[in-house]
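**Student:** A single structure is presented below for examination.
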Amino acid sequence: MRLRADTGVCAGAGQCARVAPDLFDQGDDGLVVLRRADADGPARDRALLAADLCPSGALRVTDPA
Ligand code: SF4
Numbered sequence: 001m002r003l004r005a006d007t008g009v010c011a012g013a014g015q016c017a018r019v020a021p022d023l024f025d026q027g028d029d030g031l032v033v034l035r036r037a038d039a040d041g042p043a044r045d046r047a048l049l050a051a052d053l054c055p056s057g058a059l060r061v062t063d064p065a
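The end of the sequence shown is residue 65 by UniProt numbering, with every number in the run present.
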């Protein structure tokens, strides 16, 4: 799975970094920082959960296949 995070719509809520700290971080301004652009195996479920919990719709998880 491929991850994308749009800092233009991120609200800095931090849900993503809490449920998937290996994939997402927050900058000093609170906005999402993508740690990895790929999420396969167990990371896939965390990526999907983070996208589901994100209140602003800033996260996209897509299947490149
Ligand atoms: S959960 Fe969404 S709004 Fe919150 S920091 Fe992550 S991307 Fe931004």
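The beta carbon of each residue, even a glycine, is placed where N, CA and C say it ideally should be.
What span of residues does the alpha helix (DSSP H) with V32 cover, start to end?
**Tutor:** Locating residue 32 in the sequence shown gives position 32, counting from the first residue. Looking at the DSSP string, V32 is not in any alpha helix (DSSP H); the run it does join, the beta strand (DSSP E), is V32 to L34.
**Student:** Give every residue of the same chain whose Cβ lies closer than 6 angstroms to the Cβ of G12, excluding the five residues on either side of it in the sequence, and list them in chain order.
**Tutor:** Position 12 of the sequence shown, counted from the start, is the residue given in the question as residue 12. Taken in chain order, the residues that qualify are G30 and L31.
**Student:** Please determine, among L34, L53, G27 and G14, the residue with the shortest C-alpha to C-alpha distance to L3.
**Tutor:** One-based indexing of the sequence shown puts residue 3 at position 3. Among L34, L53, G27 and G14, the Cα nearest to that of L3 is on L34.
**Student:** Taking T7 as the reference, give the member of V19, D25, R18 and P21 with the closest Cα.
**Tutor:** Translated into positions along the sequence shown, residue 7 becomes position 7. The candidate whose alpha carbon is nearest that of T7 is D25.
**Student:** Taking 6 angstroms as the cut-off, does the CB of A58 come closer than this to any heavy atom belonging to the ligand SF4?
**Tutor:** As a working note, residue 58 is residue 58 in the sequence shown. Yes, the ligand SF4 has a heavy atom inside 6 angstroms of this Cβ.
**Student:** On the DSSP bridge list, what partners appear for D25?
**Tutor:** Walking along the sequence shown from the start, residue 25 turns up at place 25. DSSP output for D25 lists V33 as bridge partner(s).
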